[in-house]
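Whatever position you read off the sequence shown (first residue = 1), add 195 for my numbering. First the structure, in the form of structure tokens, and then the observations on it.
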Amino acid sequence: MSETEIRTQIDIAAPPAVIWAVLTNFRGYPGWNPMVTAAEGSTAEGKVATLHYRSSIGLPLRFRVRITRFEADCELRWTGRRLGISGEHYFQLIADGSGTRLVHGEVFRGPLAGTLGFVFQGQVPVFEAFNRALKEVAEHRVRTAAVAPTDDRGPAPR
196 MSETEIRTQI DIAAPPAVIW AVLTNFRGYP GWNPMVTAAE GSTAEGKVAT LHYRSSIGLP
256 LRFRVRITRF EADCELRWTG RRLGISGEHY FQLIADGSGT RLVHGEVFRG PLAGTLGFVF
316 QGQVPVFEAF NRALKEVAEH RVRTAAVAPT DDRGPAPR
């Protein structure tokens, strides 16, 4: 059986818990996610979800996936299958000082996974756009949570 892997990473100035809250909120995906335009279902381990993707060439794709790992603030994985190729999509959150390193990838397995590797590698820009969007949302949450509410009379009391 052949295999091809996409692996990307990005450093995010937010703790894992903030990123996790965004990542596991499937209902919120349409508001920020350039890769998965809609998601229905649960992120609980063993559950099935339906994900609507936008491919690197703009084609809409729909996948039913099974959540295979749900380790809060650390790792989320799901697997899906199409045309005899299985894909194991993963997100790993690695605490790094006051921020987090996100490792985001997918391992494709099956008889044609190696042959079609160039097609899968074409998805790297889509994964990177996802990473940047997640970074923007998570860092925005950290910035706005650190701002004390105010009104016309000046800063709120502490």
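All C-beta atoms in this analysis are idealised placements derived from N, C-alpha and C, irrespective of residue type, glycine included.
- Message: Assuming contact is defined by CB atoms lying nearer than 8 Å, are alanine 328 and proline 229 in contact in what I supplied?
- Response: In this structure, proline 229 lies closer than 8 Å to alanine 328 by Cβ.
- Task: Could you say if the stretch 244 to 260 and the stretch 203 to 213 meet the contact criterion of at least three C-beta pairs nearer than 8 Å?
- Result: Proximity of the stretch 244 to 260 to the stretch 203 to 213 falls short of the contact definition, fewer than three beta-carbon pairs being nearer than 8 Å.
- Query: In whole angstroms, what is the alpha-carbon distance linking glutamate 334 and threonine 295?
  - Reply: Counting only the Cα atoms, threonine 295 lies some 11 Å from glutamate 334.
- Item | Proximity winner among Arg222, Trp273 and Ala209, relative to glycine 300 (alpha-carbon distances) | Relative to glycine 300, the option among Arg222, Trp273 and Ala209 whose CA is nearest is Trp273.
- Query: Are the Cβ atoms of isoleucine 214 and glutamine 318 separated by less than 8 Å?
  - Reply: no
- Beta-carbon separation of proline 306 and aspartate 268 under 8 Å? No, Cβ-Cβ distance for proline 306 and aspartate 268 is not below 8 Å.
- Please specify which runs of the beta strand (DSSP E), each continuous and at least 3 residues long, are wholly inside the stretch 285 to 342, giving them in chain order. 294 to 305
- Rounded straight-line distance, which links the Cα of threonine 219 to that of glycine 275: 17 Å
- Assuming arginine 264 and glutamate 240 form a contact by the criterion Cβ under 8 Å, report the distance between their Cβ atoms to the nearest whole angstrom. 6 Å
- Item | Exposure label - threonine 339; buried when at least 16 CB within 10 Å | exposed
- Item | Same chain, Cβ closer than 6 Å to glutamine 287, five either side skipped, listed in chain order | Glu270 and Val298
- Item | Chain-order list of residues whose beta-carbon lies under 6 Å from that of arginine 336 (same chain, five-residue window excluded) | Contacts found: Val213.
- Identify the residues that DSSP records as bridge partners of glycine 213: which are they? Contrary to the premise, residue 213 reads as valine rather than glycine in this sequence. DSSP lists no partner for valine 213.
- Message: Quick check on the DSSP output: the beta strand (DSSP E) that includes tyrosine 248 runs from which residue to which?
- Response: 243 to 249
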